[in-house]
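Asks: Residue numbers (my numbering): 18 to 631.
Built from N, CA and C at the ideal position, the CB exists for glycine as well.
Dumping the structure here so I can ask a few things about it.
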Amino acid sequence: MGSYPLDKTGVVNAIELEIHDENLQKPNIYNKYLPFYESIKQHGFKLFSEIKENLSRTIQLAEFEPGFSFWSDKLERFIYLYEYYFTKSDHLKLIHFYLSILSINDLNYSNVKICFDMLNQLMRKTRLITRDDLTIDWRLFYKWTKLIFDNHDETHGLIILPKYSLMICIQRYSPYFSSTATQEILDQFRPQLCLTDWFVINTFKMFDLFLPVKLPPALHDQGFKLWLNEFFDIWENVYNGTIWELYMISMFSSVAWNNIGYIDWEPWLSKIFTRILRGFSLPIGKMQISSYSFRYMMSYVAKWIVAMINNKNSCFEYLKDLFIAIKSFYHPSNTGNFQNELVEFIVKLAEYFVDRVHLEHKVNSLWFISLHESSRLTEQNITDFVNCIKEYAFISTFNKNHSNKAAEACQYLSILRPELIVPTIVEKLFSSIDNMTEPHRFTSIMICLTRIARQIVRQTPTYSQGQTYVIPLLMSVLPGIDLNDFEKTSVTLDFYNAIFKIIICVDCSSAIQTRNDLTEIEKEVCLSTEKFQDFIIKFLNRIFQMIEILSTDVSDDVIEITEDNIEDNTIELKLISIISSIVQQCSSKIFQVRIYKQCNTSIYDGSVSFDRVY
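See the structure below:
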């Protein structure tokens, strides 16, 4: 097993059984709520000990087939059921074990893939293993990178190479490269930096894969500071639109995200945003000529921009100017392939901003992400960001091809500042209801409204008015249940399904008489719940009317599988979910008086309608 020995013990002694959960890496928190937890716990220790023993035996006996794959699969299954139900010592031994297997010469690619997949499984929680616990030689991964990427047998269908598993493995284990790894990697690949050679693409690909960017501040001088200025100068001065730019953007976004506040981007901001604008490859003039033959990956660009934002630079101003420059391209009438990237840009900006806010509010900081205290986002920063891009998210909502993505962007923005997003979308919905002759407008807003249902219902210290919209919204969108328009009916039912899963249908109007600590908004919400019963009546009447129509249109004897039939089944599944949520979360009064009575006093013809009702 080389320099990575694995314990051969397979007997579970009393000491092992007395290991407490706090000594384990990360056990499955839900197992403790299962019956016979103590038995499950003991079985977990015994099973893990058996796996350790047999993995060790397969190597000692050189029994790769089928022992190695069989017990590796057992370990993967164990992690799936118990998660990291072992100590840090065992965790490290398993990592060293699979690294030692990779050091074997002439290892077949199926076993190589097993090693990479298991290493990825063992490092899903990077925070559990620090640099002090583990150091890895980057050349081990580089050896397999050359063997896999230079192998052309896959193109002939002879073998399947684990390229994806390898790249994920390098990404997860690069934080554990030695402190001298950055300089060694630069020395290895710098001689290949010939910008006029097509193979320079592979060089930048290797830089992107191997250069460690998740280093503690004490090692920054041995990390990104060795190459960032040099690479930025190359990117700044080469304008021929080559593919290797994509790898550079990936490197810049990664180093910015993992070292927030430790890099002064201010001198480069104007050049960065100019190149980003060009990277959108927007059509120019009547000939619709694009400046680039390719477009930047929006996830990399958005991640880079969000990481650069702080109180010390003018990144926000440049971001506003960028949106002003491309505003006309967001209009739904300007159709083209470029709109996909523009809407994706908004989504990724909002998503990464939410991730950064969440990261900065973590109680326990992560060792592998350096975050300078002076660069933390303020409440005003969050408000400015939402105000900056909300207009473009609202415009994109009415884009027929990208309304779902725009709704996703609105969802992220509503998480940050619900008071700036929810009222506007609700107002747009009410205006669209008054004009039901434009079903696409209603459909687009309903998709968006479904996405932000949680923020409507949720009460936060800064925004609680959303709860006052619930009953009016439930009543107002009832006309959206229209069998003549499947899409409109589908999105309306999606909204009801989302809302009824997070509210209870109970008349709370009497609470204002018994409670003296309610706010004015809470009193308004309590009074509005009086209308729950009326809404349930109208909703069920419309649903049962729809069931009658559907049952008369479908033969009881022969049901052909057609597009209309598939649509009916889709509606049926959504109705089942909605009615189940209402029944489970409504008051007994509403259930007895309305739902039970409605189902037991109505007469429906045909087995089809019977199935749909019951």
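(1) Excluding the 5 residues preceding and the 5 following F85 in the sequence, name in chain order all residues of the same chain whose CB lies nearer than 6 Å to its CB.
(2) For K43, which residues does DSSP report across the bridge?
(3) Which of the three DSSP states, helix, strand or coil, is assigned to P300?
(4) Tell me, please, which residues DSSP counts as bridged to F194.
(5) Can you give the beta carbon distance from I68 to N137, rounded, assuming they're within the 8 Å contact cut?
(6) For K25, I'd like the list of residues in its chain whose CB is within less than 6 Å of its CB, leaving aside the five on either flank, ordered along the chain.
(7) Between K548 and the ligand ZN, is there a pair consisting of the residue's CB and a ligand heavy atom that are separated by less than 7 Å?
(8) Pick from K591, H108 and C525: whose alpha carbon is nearest that of P44?
(9) When the distance is taken between beta carbons, is N501 closer than 8 Å to K591?
(10) Identify, in the order they occur along the chain, each residue of the same chain with its Cβ nearer than 7 Å to the Cβ of V323, setting aside the five sequence neighbours on each side.
(11) R434 to L232, Cα distance in whole Å?
(12) Report the start-end ranges of each alpha helix (DSSP H) in the region 341-394 that is 4 residues or longer and not cut off at the edges.
(13) With 16 other CB atoms within 10 Å as the buried threshold, where does F87 fall?
(14) Can you tell which of T400, W215, Y47 and A79 has the C-alpha that lies nearest to the C-alpha of Y102?
(15) Between the beta-carbon of Y486 and the beta-carbon of I498, is there less than 8 Å?
(16) So, with DSSP's three-state summary, where would you put I277?
(17) Reducing DSSP to helix, strand and coil, say where C603 ends up.
(18) Determine the closest residue to L495 out of Q484, F95, M463 and T259, with distance taken between C-alpha atoms.
(19) Let me confirm a value: G278 is counted as buried when at least 16 other C-beta atoms fall within 10 Å, else exposed. Which label applies?
(20) When you compare only the Cα positions, how much space is there between H457 and F415?
(21) The alpha helix (DSSP H) that contains F512, what's its start and end?
(22) Taking the alpha helix (DSSP H) that S429 falls in, what are its first and last residues?
(23) Got a sec, what are the start and stop residues for the alpha helix (DSSP H) W252 sits in?
(24) Should the region 332-346 be called in touch with the region 228-248, which here means at least 3 C-beta pairs below 8 Å?
(25) If the criterion is Cβ atoms closer than 8 Å, does the pair I588 and S545 meet it?
(26) Going by alpha carbons, who is nearest to L292 out of I516, K606, Y409 and L263?
(27) By alpha-carbon positions, which one of R468, L535, I529 and Q482 ends up nearest to I516?
(28) Which residue comes first and which comes last in the alpha helix (DSSP H) that contains N136?
(29) From C465 to I560, what does the alpha carbon distance come to, in whole angstroms?
(30) Secondary structure at C525, three-state DSSP: helix, strand or coil?
(31) Taking S594 as the reference, which of S507, E361 and N328 has the closest Cα?
(32) Would the beta-carbon of Q397 fall within 8 Å of that of I521?
(33) Please state the DSSP three-state secondary structure of R148.
(34) Can we say the region 397-408 touches the region 435-442, given the rule of at least three CB pairs closer than 8 Å?
(35) Hey, how far is the Cα of M140 from the Cα of W161?
(36) Buried or exposed: which applies to K329, given that a residue is buried once 16 or more other Cβ atoms fall within 10 Å of its Cβ?
Replies: Quick look at the numbers:
(1) Numbered from 1 along the sequence shown, position 68 holds the residue referred to as residue 85. The residues are T75.
(2) Numbered from its first residue, the sequence shown carries residue 43 at position 26. Its beta-bridge partners are Y101.
(3) Residue numbering aside, residue 300 sits at position 283 when the sequence shown is read from its first letter. The answer is strand: DSSP assigns P300 an E or B state.
(4) Mapped onto the sequence shown, residue 194 falls at position 177. For F194, which the question treats as bridged, DSSP gives the partners I153.
(5) Here residue 68 refers to the residue found at position 51 when the sequence shown is read from its first residue. Here residue 137 refers to the residue found at position 120 when the sequence shown is read from its first residue. 18 Å between Cβ atoms; not a contact.
(6) By 1-based counting over the sequence shown, the position of residue 25 is 8. Unreliable placement is indicated for K25, whose pLDDT of 44 sits below 50; the coordinate value is still reported in the next sentence. Correct list, in chain order: S73.
(7) The ligand content of the structure shown is nil, which means the ligand ZN is not present either.
(8) Working through the sequence shown from its first residue, we reach residue 44 at position 27. Nearest option by C-alpha distance: H108.
(9) Walking along the sequence shown from the start, residue 591 turns up at place 574. Walking along the sequence shown from the start, residue 501 turns up at place 484. Going by C-beta atoms, K591 is not nearer than 8 Å to N501.
(10) Counted from its first residue, the sequence shown places residue 323 at position 306. Correct list, in chain order: L366, Y369, F370 and R373.
(11) In the sequence shown, residue 434 corresponds to position 417, counting from 1. In the sequence shown, residue 232 corresponds to position 215, counting from 1. If you take the alpha carbons of R434 and L232, they lie about 33 Å apart.
(12) 355-377
(13) In the sequence shown, residue 87 corresponds to position 70, counting from 1. Per the 10 Å Cβ criterion, exposed.
(14) Locating residue 102 in the sequence shown gives position 85, counting from the first residue. Ranking T400, W215, Y47 and A79 by Cα distance to Y102 puts Y47 first.
(15) Residue 486 sits at position 469 when you count from the first residue of the sequence shown. Residue 498 sits at position 481 when you count from the first residue of the sequence shown. No, they are not a contact pair.
(16) For the purposes of this step, residue 277 is identified with residue 260 of the sequence shown, where counting begins at 1. I277 falls in the strand class under three-state DSSP.
(17) Within the sequence shown, residue 603 is the residue found at index 586, counting from 1. Strand at C603.
(18) The count along the sequence shown starts at 1 and reaches residue 495 at position 478. Nearest C-alpha to L495: M463.
(19) In the sequence shown, residue 278 corresponds to position 261, counting from 1. Buried: at least 16 other Cβ atoms inside 10 Å.
(20) As a first step, residue 457 must be located in the sequence shown, where it is residue number 440. As a first step, residue 415 must be located in the sequence shown, where it is residue number 398. Near 8 Å, if we compare the C-alpha coordinates of F415 and H457.
(21) As a working mapping, residue 512 is identified with position 495 in the sequence shown. Per DSSP, F512 belongs to the alpha helix (DSSP H) from F503 to F517.
(22) Counting from 1 along the sequence shown, the entry for residue 429 is found at position 412. Correcting the residue identity first, residue 429 is Tyr in this sequence and not Ser. Note, Y429: alpha helix (DSSP H), S420 to L433.
(23) In the sequence shown, counting from the first residue as 1, residue 252 sits at position 235. From DSSP, the alpha helix (DSSP H) with W252 extends over L245 to N254.
(24) no
(25) In the sequence shown, the residue the question calls residue 588 occupies position 571. In the sequence shown, the residue the question calls residue 545 occupies position 528. Contact: no.
(26) Looking up residue 292 in the sequence shown gives position 275. It is Arg, not Leu, that sits at residue 292 in the sequence shown. That would be L263, whose Cα lies nearest to the Cα of R292.
(27) Your numbering for residue 516 matches position 499 in the sequence shown. It is R468 whose Cα lies nearest to the Cα of I516.
(28) Within the sequence shown, numbered from 1, the residue matching residue 136 stands at position 119. Correcting the residue identity first, residue 136 is Leu in this sequence and not Asn. It spans Y126 to L139 - the alpha helix (DSSP H) in which L136 sits, taken as one unbroken run.
(29) In the sequence shown, the residue the question calls residue 465 occupies position 448. In the sequence shown, the residue the question calls residue 560 occupies position 543. Near 23 Å, if we compare the C-alpha coordinates of I560 and C465.
(30) As a working note, residue 525 is residue 508 in the sequence shown. In this structure, C525 counts as coil in the three-state DSSP scheme.
(31) For this step, residue 594 is matched to residue 577 along the sequence shown. Nearest C-alpha to S594: S507.
(32) Residue mapping note: residue 397 aligns to position 380 of the sequence shown, counting from 1. Residue mapping note: residue 521 aligns to position 504 of the sequence shown, counting from 1. Cβ distance not < 8 Å, so Q397 and I521 don't count as in contact.
(33) As a working mapping, residue 148 is identified with position 131 in the sequence shown. In this structure, R148 counts as coil in the three-state DSSP scheme.
(34) yes
(35) Position 123 of the sequence shown, counted from the start, is the residue given in the question as residue 140. Position 144 of the sequence shown, counted from the start, is the residue given in the question as residue 161. Going from the Cα of M140 to the Cα of W161 covers about 19 Å.
(36) The residue given as residue 329 occupies position 312 in the sequence shown. It is exposed - the Cβ of K329 has fewer than 16 other Cβ atoms within 10 Å.
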